[in-house]
Amino acid sequence: MSTETDQAIAHAEAVLERQRAVQTRRAYRSRRGPRALRNAAVGVAGVLLVAFVWGLISPIGITGAMLAVLAMVAAAFVGVMLSAEPAIRVDTLPQAPIALLPSKTARWLDQQRPALPAPAQTLADGIGVKLEALQPQLATLDAGSPAAFEIRRLIADELPELVNGYARVPTALRRDGLDGMAPDAQLVDGLKTVDAELSRMSEQLARGDLEKLATQGKYLELKYRGENGLS
Amino acid sequence: MATQVAEVTDLKLTPPEPVVAVAPEKAAGLVPLEDDQKTKLEAKAEAFVEELAAQDVNSPEFGKRVDQISDMGRREIAEAAGQSNRFLDRPVRAMDKESGVGNDLAELRRTIEDLDPGRQGNLTAPKKLFGIIPFGNKLRNYFDSYKSAQSHISTILARLAGGKDELLKDNAAITVERQTLWAAMGRLEQMIHVSKALDAKLEAKAMELETSDPAKAKAIRETALFYVRQRTTDLLTQMAVTVQGYLALDLVKKNNVELVKGVDRASTTTVSALRTAVTVAQAMANQKLVLEQITQLNTTTANIIDSTGTLLKQNTARIHEQASSATIPLETLKRAFQNIYDTMDAIDVYKLKALDSMKTTVNALEGEVEKSKGYIARAEGANTAQLTHEPNPFETV
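So the protein sequences, as listed, match chains A and B.
With the working numbering applied, the first sequence covers 446 to 676.
With the working numbering applied, the second sequence covers 64 to 460.
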């Protein structure tokens with residue numbers, strides 16, 4: 446009885462987990478969409494404006510209109526093409542300023558995504574989202590502080606090392622590996638650790654601000670309402 | 064109102080007791096765990112022991128699980144130890160701050176002493192040039208000296224108010240720190256619980272396997288059980304230090320509360336004396352003494368105006384009643400000054416005793432932190448020796 450229930454619960458959890466993963470991926474992937482759309486719209490609007498002004502000066506005729514439509518299609522195409530990011534080289538990561546590092550690593554990880562096995566892709570998406578969330582926290586962080594050093598080590602050094610190490614393993618050996626070392630499983634475990642560590646670092650960074658706020662609140666209470674909140 | 068009562072009773076500042084060293088074996092159990100938590104943690108320990116016993120003694124899997132034991136509670140220990148620097152820092156900084164407030168109080172005392180009517184000789188005696196010709200008015204000159212001193216006094220009082228705010232801020236920070244420390248202690252307590260459960264269960268398992276698989280029983284005793292006991296000691300040591308720090312923070316907090324009381328009282332008595340002087344000047348020398356800065360100060364510190372306001376109303380009525388007899392208003396003024404002296408003496412006595420408590424606490428704490436550092440170093444060493452990407456099975460619940 447209980448095993449059936451357990452199985453059902455496990456199954457339901459797996460489905461939920463997949464659903465969550467799909468959502469994370471969508472949230473992450475969808476970020477490229479708006480930029481492409483914006484670029485295309487700017488291109489089309491530009492062509493339209495030129496054609497309109499030209500039409501005011503001298504009629505452009507059917508040929509002109511056709512040409513304008515063609516130009517619009519071309520502009521939209523170029524706009525979408527321009528939205529594609531240049532490949533980020535991993536050796537440039539350690540030199541990136543700490544405030545820009547998370548987004549750079551996130552973009553780099555996104556580019557590595559196709560080479561990763563399915564469960565690792567989901568994890569990589571999750572890490573990408575966490576990295577983007579870390580960005581504002583790092584904006585005010587002193588680059589020389591131990592916390593900055595720790596984060597830089599993790600996302601500019603250790604994480605790329607893990608993914609690149611996996612990429613160096615021949616495709617045929619990735620699933621089963623050799624002598625009980627399974628690269629796929631190891632990559633997933635490693636990414637899980639990175640994911641957990643990112644959460645912890647984010648919490649650690651937030652802790653100082655949380656404490657400051659709590660202290661100020663308590664101070665106001667002590668000063669204006671007395672020790673027990675009584676005036 | 065409260066201050067008015069305090070005016071009648073003596074200012075009582077109780078120095079906090081020093082925090083004594085907490086023995087590691089007594090450190091556990093100070094933070095209560097819920098039954099639900101205990102059950103979950105014990106289930107974890109149970110599952111771990113079963114899994115460990117199912118492995119072949121020489122397999123890497125067995126070794127991996129033993130490594131997990133030596134890694135147990137590492138984060139909890141590191142986190143609690145990270146805060147130990149801060150609670151060492153607190154009492155020391157508190158002593159610094161105390162000296163800041165102390166300097167201001169000493170300066171206030173010196174300034175006040177210059178105005179003390181008790182040190183001016185006979186103020187009511189007519190002033191005479193060359194001791195023969197009546198010349199000027201001693202009392203009038205005396206009250207004039209208030210005018211020149213008032214800006215200085217108000218500066219000191221403002222500094223004291225600032226110092227008081229610092230003490231309150233300090234206490235707010237301590238409250239928050241104690242809250243996070245309590246949470247850290249809760250997590251340590253959970254790890255200690257797991258560790259002790261593992262100890263008992265491993266011991267039982269080894270007994271059980273004694274006849275059927277003596278080699279495994281031996282391996283469990285010599286590796287797993289050995290590491291578990293080592294970990295228990297580490298966790299208990301860290302717990303003892305953390306508990307002690309937690310108590311030390313309370314000591315600093317109490318000390319600050321007493322100092323705030325002292326500063327409040329010193330400011331109140333000073334303002335009260337100055338306002339009595341205003342009334343006495345009016346009554347005795349028919350002199351309108353304008354102490355604008357002090358009045359301004361009253362409006363900014365609501366607390367002070369409130370308490371002195373009520374006092375002053377009574378004093379004013381009484382002094383005007385007694386103005387016909389020359390010495391009584393002066394007596395009132397002298398008493399007002401005596402109030403200030405009493406307050407400051409009480410603070411001085413208190414500070415000496417509190418400083419003693421604080422020093423004892425800091426010394427005891429430093430010793431314990433030093434001792435625990437050895438354990439932490441061992442825990443860190445165990446961590447760098449093996450870098451697993453495995454999630455640790457012993458997580459807090």
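Beta carbons: idealized from backbone N, C-alpha and C, even for Gly.
Model, not experiment: these values are computed from the prediction.
Through-space distance from residue j to residue i, alpha-carbon basis
| i | j | result |
| --- | --- | --- |
| Ala269 (chain B) | Asp119 (chain B) | 14 Å |
| Asp276 (chain B) | Glu97 (chain B) | 37 Å |
| Val112 (chain B) | Thr585 (chain A) | 46 Å |
| Ile507 (chain A) | Met526 (chain A) | 29 Å |
| Ala457 (chain A) | Pro581 (chain A) | 35 Å |
| Tyr413 (chain B) | Leu604 (chain A) | 57 Å |
| His256 (chain B) | Leu104 (chain B) | 7 Å |
| Gln100 (chain B) | Val460 (chain B) | 6 Å |
| Ala565 (chain A) | Arg620 (chain A) | 12 Å |
| Ser258 (chain B) | Leu115 (chain B) | 15 Å |
| Ala485 (chain A) | Val495 (chain A) | 16 Å |
| Arg292 (chain B) | Ala541 (chain A) | 46 Å |
| Ser214 (chain B) | Ser208 (chain B) | 11 Å |
| Leu572 (chain A) | Pro79 (chain B) | Note on residue identity: the sequence assigns Ile, not Leu, to residue 572 (chain A). Those two C-alpha atoms are separated by around 50 Å. |
| Ser644 (chain A) | Asp536 (chain A) | 25 Å |
| Ala469 (chain B) | Trp553 (chain A) | With chain B covering only 64 through 460, there is no way to say anything about residue 469 (chain B). |
| Val518 (chain A) | Ile543 (chain A) | 40 Å |
| Glu642 (chain A) | Gly488 (chain A) | 43 Å |
| Asp297 (chain B) | Leu288 (chain B) | 14 Å |
| Ala106 (chain B) | Ala267 (chain B) | 15 Å |
| Thr339 (chain B) | Phe206 (chain B) | 11 Å |
| Val574 (chain A) | Ala551 (chain A) | 8 Å |
| Ala520 (chain A) | Phe594 (chain A) | 44 Å |
| Glu170 (chain B) | Thr406 (chain B) | 14 Å |
| Tyr404 (chain B) | Arg172 (chain B) | 8 Å |
| Gly92 (chain B) | Val460 (chain A) | 41 Å |
| Pro547 (chain A) | Ala601 (chain A) | 9 Å |
Strand pairing of residue i, partner residues [DSSP]
| i | result |
| --- | --- |
| Met626 (chain A) | A:Leu623 |
Coil, strand or helix - residue i by DSSP
| i | result |
| --- | --- |
| Thr424 (chain B) | helix |
| Ala588 (chain A) | coil |
| Leu74 (chain B) | coil |
| Glu666 (chain A) | helix |
| Ile533 (chain A) | coil |
| Ala659 (chain A) | helix |
| Val460 (chain B) | coil |
| Leu135 (chain B) | Here residue 135 (chain B) turns out to be Met, not Leu, going by the sequence shown. It is coil, neither helix nor strand. |
| Ala278 (chain B) | helix |
| Gly506 (chain A) | helix |
| Ala496 (chain A) | helix |
| Asn121 (chain B) | coil |
| Asn609 (chain A) | helix |
| Asn200 (chain B) | coil |
| Val83 (chain B) | coil |
| Glu97 (chain B) | coil |
| Leu352 (chain B) | coil |
| Pro562 (chain A) | coil |
| Ala544 (chain A) | coil |
Exposure of residue i, with buried meaning 16 or more beta-carbon neighbours within 10 Å
| i | result |
| --- | --- |
| Arg421 (chain B) | The question names Arg, yet the displayed sequence has Met at residue 421 (chain B). The residue is buried, with at least 16 neighbouring Cβ atoms inside 10 Å. |
| Thr77 (chain B) | exposed |
| Ser162 (chain B) | exposed |
| Phe522 (chain A) | exposed |
| Ala651 (chain A) | exposed |
| Arg250 (chain B) | buried |
| Ile283 (chain B) | buried |
| Val155 (chain B) | exposed |
| Tyr669 (chain A) | exposed |
| Val129 (chain B) | buried |
| Arg137 (chain B) | buried |
| Gly662 (chain A) | exposed |
| Ile454 (chain A) | exposed |
| Asn361 (chain B) | Unreliable positioning characterises Asn361 (chain B) in this predicted model, as indicated by a pLDDT of 47, which lies under 50. The coordinate reading is nonetheless provided below. Buried. |
| Asp629 (chain A) | buried |
| Asn349 (chain B) | exposed |
| Phe497 (chain A) | exposed |
| Thr616 (chain A) | exposed |
| Ser133 (chain B) | buried |
Check your understanding: According to a CB-to-CB cut-off of less than 7 Å, which residues of the stretch 572 to 597 of chain A neighbour chain B?
Key -> Under the 7 Å Cβ criterion, the stretch 572 to 597 of chain A contributes no residue.
Point to revise | Near-chain B residues of the stretch 601 to 616 of chain A (beta-carbon distance less than 8 Å), N- to C-terminal order | key: Within the stretch 601 to 616 of chain A, no residue has a Cβ that lies closer than 8 Å to any Cβ of chain B.
Check your understanding: Mind listing which residues of the stretch 219 to 239 of chain B have their C-beta closer than 8 Å to chain A's C-betas, in chain order?
Key -> Those would be Asp228, Leu231, Lys232, Asn234, Ala235, Ala236, Thr238, Val239, in chain order.
Review point. Given a limit of 7 Å on CB to CB distance, which residues of the stretch 644 to 670 of chain A reach chain B?
Key: If the cut-off is 7 Å between Cβ atoms, the stretch 644 to 670 of chain A has Glu656, Ala659, Thr660, Lys663, Tyr664, Leu667, Lys668 near chain B.
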